Amino acid sequence: MSELMRYKGRRSLITGVSLEPGQVYEIVPLDRKYGRDGFWVEVTDGKDKCRCPYEDKEAFLNNWEMANGAL
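Take the sequence shown: its letters are residues 560 to 630, numbered as in this note's numbering.
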């Protein structure tokens with residue numbers, strides 16, 4: 560299951576994908592743990608992909624919000 564989400568964190572470059580605040584990306588949760596309560600997501604801008612770890616749901620929601628279908 561993937562979701563369109565808007566990035567609201569700080570500008571970042573993660574393995575070739577430039578995450579820009581306000582931009583919409585496709586997010587796919589991965590079946591992979593990060594630490595005790597964390598998880599990984601795959602982020603794509605339509606051309607490139609990267610994988611990002613988050614310590615918990617709160618850390619994820621500090622950087623992402625639902626995009627409401629806007630691209």
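We treat Cβ as the ideally placed atom computed from N, Cα and C, and that holds for glycine.
No experiment lies behind these values; they were computed from the predicted model shown.
Exercise. For glutamate 507, which of helix, strand or coil comes out of DSSP?
Worked result: Nothing in the structure corresponds to residue 507, since the chain is present only between 560 and 630.
Problem set entry | 6 Å Cβ shell around glycine 568 - same chain, five flanking residues per side excluded | Taking the first residue of the sequence shown as 1, we reach residue 568 at position 9. These residues qualify, in order along the chain: Asn622.
Problem set entry | Residues of its chain near glutamate 601, where Cβ-Cβ distance is below 7 Å and the 5 sequence neighbours each way are ignored | Walking along the sequence shown from the start, residue 601 turns up at place 42. Closer than 7 Å at Cβ, skipping near neighbours: Val587, Leu589, Lys608, Arg610.
Exercise. What span of residues does the alpha helix (DSSP H) with lysine 616 cover, start to end?
Worked result: Residue mapping note: residue 616 aligns to position 57 of the sequence shown, counting from 1. Per DSSP, lysine 616 belongs to the alpha helix (DSSP H) from 616–620.
Problem set entry | Reference phenylalanine 598, options Ala618, Lys606, Gly605, closest by Cα | Against the sequence shown, residue 598 aligns to sequence position 39. Nearest of Ala618, Lys606, Gly605 to phenylalanine 598, Cα basis: Ala618.
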